[in-house]
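Listed in order, the protein sequences are those of chains X and B. Residue numbers for the first sequence, in this note's numbering: 53 to 437. Residue numbers for the second sequence, in this note's numbering: 53 to 437. Heads up, the beta-carbon is just placed ideally off N, CA and C, and yes, glycines get one too. Computed from a predicted structure; not experimentally measured. Everything below concerns the one structure shown next.
Number of protein chains: 2
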Amino acid sequence: MFNFDFYNPTRILFGQGRVADIDKHIPPHAKVLVLYGGGSVKATGTLKEVLTALNQRQVLEFGGIEPNPSYETLMQAVDIVKTQQIDFLLAVGGGSVIDGTKFVAAASVYDGDARDILKTRGTVIKKALPFGSVLTLSATGSEMNNGGVVTQKSTQTKSAFFSVHTFPQFSVLDPTKTYTLPTRQIANGVVDAFVHITEQYLTYPVNALVQDRFAEGLLLSLIEIGEQALHHPQDYDTRANLMWIATLALNGLIGAGVPQDWSTHMIGHELTALYGIDHARTLAIVLPAMLSVRKEAKQDKLLQFAQRVWQINEGTEQQKIALAIAKTREFFERLGVDTSLSAYNISAEHIDNIINQLQNHKMTALGEKREVNLDVCRQVLTQCL
Amino acid sequence: MFNFDFYNPTRILFGQGRVADIDKHIPPHAKVLVLYGGGSVKATGTLKEVLTALNQRQVLEFGGIEPNPSYETLMQAVDIVKTQQIDFLLAVGGGSVIDGTKFVAAASVYDGDARDILKTRGTVIKKALPFGSVLTLSATGSEMNNGGVVTQKSTQTKSAFFSVHTFPQFSVLDPTKTYTLPTRQIANGVVDAFVHITEQYLTYPVNALVQDRFAEGLLLSLIEIGEQALHHPQDYDTRANLMWIATLALNGLIGAGVPQDWSTHMIGHELTALYGIDHARTLAIVLPAMLSVRKEAKQDKLLQFAQRVWQINEGTEQQKIALAIAKTREFFERLGVDTSLSAYNISAEHIDNIINQLQNHKMTALGEKREVNLDVCRQVLTQCL
């Protein structure tokens, strides 16, 4: 096991009705800016519920944070924070709104060009406004970690940042808030969580027994409930389990002390930036191809994945690995998520463009051993066709 | 799944050599009291390593905190904190030293009789001195939770307390610090962690998939390494896994949103207080008998335990449950931990005394459904003979 730091001070308020408890976790007399996305929080009544819970306070609203939140939009919120002297931010939405709120929290108190936060992956962040979240979509895990991803529209660049100052103070996880989501978003959430787990698990063994068992437990649980979550939108326990799985998939716990491989995400980010494919859907395309291309480097963990997650005990090692990858692909497809570029009308002639973007963004040595260079990315993308 | 709050702000510094990092996590200019136990931290050099890491600071020492730390001893430390105007406490030791330090942290700033903290299970705690820990023994999980147990010698009473103010700010988990521990203490640690997990897992199902998988993952890992940890004291990965398992066994995670049953612990506490049996050894005596007596109430989870943890797939339901309990008992015995009262020369005529103590301490409605009354305790103790 590698040495590690684990620190996660976010308070989780889990369960139906917990929005009512947010006020006591916000400093007295704080002036609050509530941030949200495209308006579904108005339609579902969640925004109203939040405002009711905050009713004794000065509250402003900022709507319109888009999926893959943009620097350009978020800077408008930064202006409001500064001019209105906001003390506390409250994100109401999914990962995009929470990621965007993290950026606003840091950029609002940053002296200098806020793009520095993106250029430095967050290392320039020395403080941030405190903020909380009310989660309405299980997927990214942003509700219990300190990272965010922001897109600069001008350059089609998705940039990740992290800081010890950008953990939510609290996050409300009320599974009933996900009842009215479109099936597509639930499927995306299952895939996103699944790939967050594999990026921290399918590398090479370092004898980290618990991290492996926890990753496997999350994957087994996701596989058990993934389709149910799609087809029984108001099954409380199913949605509750999905919500807690997605949070634990990326809160630092299963990645502590083990190698990590975020190459599927990095290639996926380029596909979203270039072609507008949903984040999770890019992952469903790239992951099976990545595992197949890198099956030698990942052999030990792929065999463990085959046995413990997919209960594959027959066949040669190569057959077990191939079957585990095939079952992963089938799981995504059963959720209605395509696993090839052709489903999005992307063909061989687009690959140069994607490779160029990876090069522009310095994504030339990815993976748990920095072996995923542009040649490997090209092999992966070719298999994705 | 039940509604729950999860909040755990303790920073974990995991791995060999991490003591060197403690200074940066203690406020500048803080005057530090280092608390420890019987002197083994001197013999092993850990105390010296800690003092070296703090070398620019004003540091005082308080040694002599006993296993099952006593109110009487800890109040001496409280006096030093007050008279010497200590700002920060640093526990160097195992669960007893850390539990004791939590009590000192709260009692030092409590206006009133510090026994109120024990009488109210910690609800009177409104603030506490900040503190950290350097863990030298994997067992209780105190390094990453907000609870402690303190014994009042005068009344032979063990009292638990909890407070949001008594989380360690940080804990160093360096597996090499456990290399020189006596085998008996390692065995005790394995049993203690095992029973912490079962107290949060072997109740009744509430469809909490991840909590179950995580509990099972911790149990499987403990069973995998328990004997290795005894027989290969300098196997880094084994001791590292044991350390992280024991921490995660009681940091709030696997118990979030599920029923809990601490009746084995409550009966065990009386056995320690009356007869001086090591805490973990009391658990190894009580748990198998408790599971056997309550096998109807716990049937669903015992079957899941039999299948997922002990891989028992043959036989009737009753046979599977009986075998799972027998395998649990055998595991403890293989670690050299006795599982009957007779091993400690306690016989039927002592049971009244134990029952009286449970009654004196109001332990008359224990368990996940408050069904463990004194009659059930008597059945359990009779089976423990």
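- When 8 Å is used as the limit between beta carbons, ASP244/X is near no residue of chain B, the shortest such separation being about 16 Å.
- Within the stretch 54–67 of chain X, those residues whose Cβ lies closer than 9 Å to any Cβ of chain B are, in chain order, PHE54, ASN55, PHE56, ASP57, PHE58, TYR59, ASN60, PRO61, THR62, ARG63, ILE64, LEU65, PHE66, GLY67.
- Out of GLY115/B, ALA325/B, THR228/B, VAL156/B, the CA that lies nearest to the CA of LEU189/B is found in THR228/B.
- Of the residues GLY174/B, GLY419/B, LEU87/B, ALA105/B, the one whose Cα lies closest to the Cα of GLU118/B is LEU87/B.
- Of the candidates TYR256/X, LEU181/X, GLN237/X, ASP352/X, the residue whose Cα lies closest to the Cα of GLY152/X is LEU181/X.
- Excluding five sequence positions before and after ILE177/B, the CB atoms of its chain that fall closer than 8 Å to its own CB belong to ALA158, TYR162, ILE169, PHE213, SER215, HIS217, THR218, given in chain order.
- The CB of LEU272/B comes closer than 9 Å to the CB of LEU261, ARG265 in chain X, given here in chain order.
- Look at LYS171/X here: in three-state DSSP terms it is helix.
- The shortest C-alpha to C-alpha distance from PRO80/X to any of GLY90/X, PHE54/X, GLN108/X is the one to GLN108/X.
- Between THR203/X and ASN303/X, the gap from beta carbon to beta carbon reaches 9 Å or more.
- Rounded to the nearest whole angstrom, the C-alpha separation of VAL247/B and LEU339/B is 7 Å.
- Pairing LYS134/B with THR334/X, the inter-Cα distance amounts to about 60 Å.
- By the Cβ neighbour-count rule, LYS353/B is buried, with 16 or more other Cβ atoms within 10 Å of its own.
- ALA376/X: member of the alpha helix (DSSP H) spanning 369–386, first to last residue.
- The C-alpha of ASP244/B is placed about 27 Å away from the C-alpha of ARG63/X.
- Counting every other CB atom within 10 Å of its CB across the protein chains shown gives THR324/X a total of 16 or more, marking it as buried.
- Under the Cβ distance rule, ARG70/X counts among the residues neighbouring chain B, one pair being separated by less than 9 Å.
- Membership of SER148/X in the alpha helix (DSSP H) is indicated by the continuous run 147–159.
- Between PHE155/X and ALA82/X, the gap from beta carbon to beta carbon reaches 9 Å or more.
- At least one beta carbon of chain X lies nearer than 9 Å to the beta carbon of ASN293/B.
- Note on geometry: alpha-carbon atoms of VAL93/X and MET295/B lie some 44 Å from one another.
- Chain order gives the chain X residues near GLU276/B as LEU261, where near means a beta carbon separation below 9 Å.
- Taking a contact to require three or more Cβ pairs closer than 8 Å, the stretch 235–244 of chain B and the stretch 281–295 of chain B qualify as touching.
- For the pair VAL389/B and ASN240/B, the CB atoms are nearer than the 9 Å cut-off.
- Annotation: Cβ neighbours of ASP289/B in chain X (cutoff 9 Å, chain order): MET53, VAL258, ASN259, ALA260, LEU261.
- Chain X has a Cβ within less than 9 Å of the Cβ of ILE297/B.
- Among the CB atoms of chain X, none fall inside 9 Å of the CB of LEU437/B.
- For ARG291/X, the enclosing alpha helix (DSSP H) stretches over residues 288–300.
- The beta carbon of ALA191/X sits no closer than 9 Å to any beta carbon of chain B.
- Where ARG346/B is concerned, there is no enclosing alpha helix (DSSP H), because DSSP gives it neither an H nor an E.
- Taking a contact as a CB-CB distance under 8 Å, the pair GLY193/B and THR290/B does not count as one, their CB atoms being some 18 Å apart.
- Within chain X, VAL262 have C-beta atoms less than 7 Å from the C-beta of LEU300/B, given in sequence order.
- A buried status is given to ASP226/X, since no fewer than 16 other beta-carbon atoms sit within 10 Å of its beta-carbon.
- Distances from the CA of GLY90/B to each of GLY145/B, LEU99/B, ASP73/B, GLY116/B were compared; the closest alpha carbon is that of GLY116/B.
- With a contact defined as Cβ atoms closer than 8 Å, ILE406/B and LEU343/B miss out at about 19 Å.
- DSSP places GLY97/X outside both helix and strand once states are collapsed to three, so it counts as coil.
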